[in-house]
Amino acid sequence: MSERRGKTTAGPRHRRRRTALTVGIPLALTAAVTTTYGTGLGVFGEGAGQTASAATNAGSATAATTAAAAPAWAADTADGFASVNSLGQNGTYGGRGGQTVTVKTLADLEKYATAEEPYVIVVAAAITMNPVGKEIKVKSDKTIVGQGTSGQIVGGGFFLGTGVHNVIIRNLTIRDSYQGVWNDKDHDFDAVQMDGAHHVWIDHNDLRHMADGLIDVRKDSTNVTVSWNKFSDNNKTFGIGWTENLVTDITIHHNWFRETEQRNPSTDNAAHAHLYNNYLQDDPGTTIKSSYGNYSRGSTKMVLENSYFQGMNNPVTKDATAAIVQRGNTFSGTSGRNESGGTAFDPKSFYAYTLDRTADVPALLTAGTGPRTTIGTATTPSTKAAAATLTVAKDGSGQYTTVQAAVDAVPANNPSRLVISVKPGTYRETVKVPANKPHVTIQGAGASRKDTVIVFNNAAGTAKPGGGTYGTSGSATVAVEADDFQARNLTINNDFDEARNQSLSGHQAVALRTAADQVLLDGIIVDGDQDTLLLDTAAKDRLGRVYVTNSYVSGNVDFVFGRATAVIDQSVITLKKRWDGTSAGYITAPSTTADRKGILINRSVVNGDVSAGSFFLGRNWHAGGDATLRPQTTVRNSTLSAAVKSTPWSDMGGFSWKNDRFAEYRNTGPGSGAASSDRPQLTDSQATGQEVADWLGTWNPTA
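The sequence shown begins at 22 in our numbering and counts up one residue at a time.
Set out below in structure tokens:
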């Protein structure tokens with residue numbers, strides 16, 4: 022690595038606990054790794070880490086209830102406060118990992134929803150509650166989801182009691198428990214009611230015409246996210262709180278409230294209420310008149326961002342004791358109270374999120390809320406709904422012949438997961454996923470990660486067509502600037518030939534560059550020589566978390582580098598000789614800011630056909646000579662080959678690595694060593710603060 026560049030790292034957490042991540046769990050690692058990418062099935066086995074199909078129903082399936090393989094969307098997880106690690110629950114993923122069943126009768130729906138074990142329950146018919154107003158008492162670890170637009174709950178709903186957690190209710194129409202009295206005081210027939218539940222995600226539902234609330238979040242329920250729902254034709258629409266305790270944390274985003282009178286929502290004594298990109302609409306000339314819109318009551322702290330209020334009476338109101346911080350909202354034809362004041366909180370201290378433009382909200386939500394024909398279908402105001410999967414094939418048998426063409430077809434501000442499935446072949450091209458195209462997965466469709474290869478050969482010193490050179494970051498074969506990106510089951514390579522280009526100034530040649538948050542690299546190969554894997558952030562003050570699992574990374578000089586908060590877990594790091602056949606190099610070159618975490622190598626193998634004692638684990642890159650940086654690499658619980666030096670850390674650019682953050686913990690293999698001043702080892706106590714969960718914070722990369 023020549024002196025150059027400049028790149029950041031992790032943020033605050035909320036009631037975090039340590040937990041094992043469930044993405045890409047491979048076969049057991051062994052120390053006897055002898056080839057670059059494994060032999061036959063490799064170290065992990067091809068396809069290891071992919072979600073297994075659910076077990077078949079043990080002989081009890083009926084015409085109304087069938088067991089099936091878990092569909093792709095069953096791995097979807099909540100965002101917002103439902104994603105936060107707290108109360109012993111790390112995010113909200115519902116019945117993922119449990120059996121998938123399809124139900125068409127009330128008896129079967131109730132049987133599986135009230136079971137103790139996890140289930141993904143697909144509702145494939147209109148199910149009428151008997152008696153009217155019945156609320157099924159859902160147990161923990163359930164996903165209840167409508168099949169296309171056919172899943173309906175008529176005349177009742179769901180109840181989530183004290184301690185119930187990890188529940189997803191999605192893609193359903195829940196309707197018509199209305200008993201003929203508009204301001205009904207006698208019937209408590211809600212669509213979804215929770216009393217003391219936590220970690221609940223309510224997403225893409227059509228909720229309407231109930232005897233009481235469409236959603237009631239009561240009695241200290243918390244870690245709730247309500248997203249992409251359509252609320253309509255109701256009086257007391259969405260109530261939150263009614264407790265003296267400041268416990269409830271709730272995120273409400275991308276919901277369409279239309280012809281609803283009150284509680285849109287009403288939020289009483291919520292510790293943190295984050296409302297953004299919602300659309301509240303009261304059309305003139307209709308029988309239902311809005312009483313008020315968003316209401317912050319008691320001691321609620323509310324942040325209200327980029328929402329659109331059309332024709333609403335009293336669109337935003339607050340008690341004298343409550344707080345509302347407003348940012349970027351639009352009010353069209355509204356009247357009455359529109360209030361703000363007090364101090365609230367920074368939602369990004371709890372989780373990452375991206376705001377849509379306020380002007381786009383009405384079109385975006387009228388097209389995109391409520392049940393979808395296909396889970397994960399993306400919709401934008403300016404385009405037709407994009408397919409959940411786009412296909413790429415060199416031979417023309419897919420929708421596109423290049424990966425970049427498929428990326429270009431992703432709608433701007435795509436709101437949900439979209440998979441680009443790339444058929445086997447070698448794709449010689451550069452690919453860029455821009456910042457305005459989040460939630461994209463690029464996935465090889467072959468049996469092996471070696472079947473689908475994206476490769477190019479730019480280097481830092483390569484001349485650009487328009488003049489100048491690419492520079493290190495510009496040399497990347499694949500560049501990812503969009504949050505919530507995933508790459509799976511493929512190879513990304515930079516095959517720049519150093520031997521043939523010795524006259525070229527600048528041999529850094531990046532295979533994959535990430536400059537985004539929540540990037541998951543699962544079951545891939547990243548191959549190059551110098552500067553193979555650049556783990557960056559969008560800006561120095563921006564958080565950028567990357568989780569690499571079940572993967573192979575190879576190179577020789579600084580080939581895992583940058584300022585991101587990055588974990589390489591249960592993977593193989595392969596050391597390669599230089600262009601002239603010599604053995605010498607550095608694995609990591611972090612440029613971490615002082616307030617973030619850097620690079621963590623965990624439960625992995627370091628190997629390669631290089632000389633003993635020829636490679637450093639890392640060196641401290643103070644990008645641009647910035648003395649305020651505190652680069653960090655921790656290598657723990659890993660197997661190190663004899664190629665690792667007995668003094669495994671090195672200075673760089675005139676800065677001593679001993680003034681920065683470099684350490685090991687419980688490594689094994691011939692390249693491991695005892696603690697010394699040249700080889701710091703974490704104590705057991707220190708190691709508890711340097712685990713995967715400490716790096717990833719509130720993000721649980723499982724989708």
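We put the CB at the ideal spot given by N, CA and C, even for glycine.
| Asked | Found |
| --- | --- |
| Extent of the continuous beta strand (DSSP E) to which S353 belongs | T351 to S353 |
| Among I190, I189, N192 and G234, the one whose alpha carbon lies nearest that of H208 | G234 |
| Three or more C-beta pairs below 8 Å linking the stretch 242-250 and the stretch 265-285 | yes |
| Endpoints, beta strand (DSSP E) assigned at W222 | H219 to D224 |
| Spatial neighbours of V413 in its chain, beta-carbon cut-off 8 Å, leaving aside the 5 residues before and after | G419, Q420, Y421, T422, T423, V424, A426, A427, I441, S442, V443, K444 and Y448 |
| Per-residue DSSP class, three states only, for A344 | strand |
| Test item: CB-CB of G549 and F580 under 9 Å | yes |
| Among G576, V547, L554 and V540, the one whose alpha carbon lies nearest that of L564 | V540 |
| Cutoff 6 Å; reference S667; Cβ partners in own chain excluding five residues on either side | G694 |
| Contact the stretch 156-167 vs the stretch 115-130: 3+ CB pairs below 8 Å | yes |
| Residues near N479 in its chain [Cβ-Cβ closer than 6 Å; skip 5 each side] | Y491 and S496 |
| Separation of L638 from S632, as counted between CA atoms | 14 Å |
| L108 in three-state terms, based on DSSP | coil |
| Bridge-paired residues (DSSP) for M215 | L181 and V238 |
| Nearest residue (CA-CA) to Y514, options Q529, L533 and I345 | The sequence given here has Asn at residue 514, not Tyr. Nearest of Q529, L533 and I345 to N514, Cα basis: L533. |
| Sequence-distant residues of its chain with Cβ nearer than 6 Å to H220 (five each side left out) | A103, Q110, T113, H186, N187 and N244 |
| Coarse secondary structure for W277, derived from DSSP in three states | strand |
| Anticipated Cβ contact below 8 Å, W642 with F683, distance rounded | The Cβ separation is near 12 Å, so there is no contact. |
| R191 vs G167 beta-carbon contact at 9 Å | yes |
| Validate contact between the stretch 370-390 and the stretch 285-300 using beta carbons, cut 8 Å, 3 pairs | yes |
| Enclosing alpha helix (DSSP H) for Q420 [first to last residue] | No alpha helix (DSSP H) contains Q420, which DSSP labels as neither H nor E. |
| Collapsed DSSP secondary structure at G68 in the structure displayed | Bear in mind that a pLDDT of 33 at G68, under 50, signals an unreliable position, so the model cannot answer this. |
| Exposed unless 16 or more other CB atoms sit within 10 angstroms - verdict on P486 | exposed |
| Touch test, the stretch 358-374 against the stretch 248-261, Cβ-Cβ under 8 Å, three pairs minimum | no |
| Residue range of the beta strand (DSSP E) that includes V626 | V626 to N628 |
| Closest Cα partner of V593 within the set N151, T660 and A388 | T660 |
| Strand pairing of V540, partner residues [DSSP] | V567 |
| Those residues which DSSP pairs with H208 across a bridge | DSSP lists no partner for H208. |
| Exposure of V64, with buried meaning 16 or more beta-carbon neighbours within 10 Å | Annotation note: pLDDT 30 at V64 (below 50); position unreliable, no value reported. |
| Which of helix, strand or coil DSSP assigns to G101 | helix |
| Range of the contiguous beta strand (DSSP E) that encloses E265 | Element bounds for E265: n/a, residue is neither H nor E. |
| Alpha-carbon spacing of K158 relative to Y199, whole angstroms | 20 Å |
| Coil, strand or helix - K369 by DSSP | helix |
| L17 vs A500 beta-carbon contact at 9 Å | For residue 17 there is no data in the structure shown, the boundaries of the chain being 22 and 724. |
| Backbone CA spacing between A456 and T553 [nearest angstrom] | 21 Å |
| Residue range of the unbroken alpha helix (DSSP H) whose run includes Q425 | V424 to A430 |
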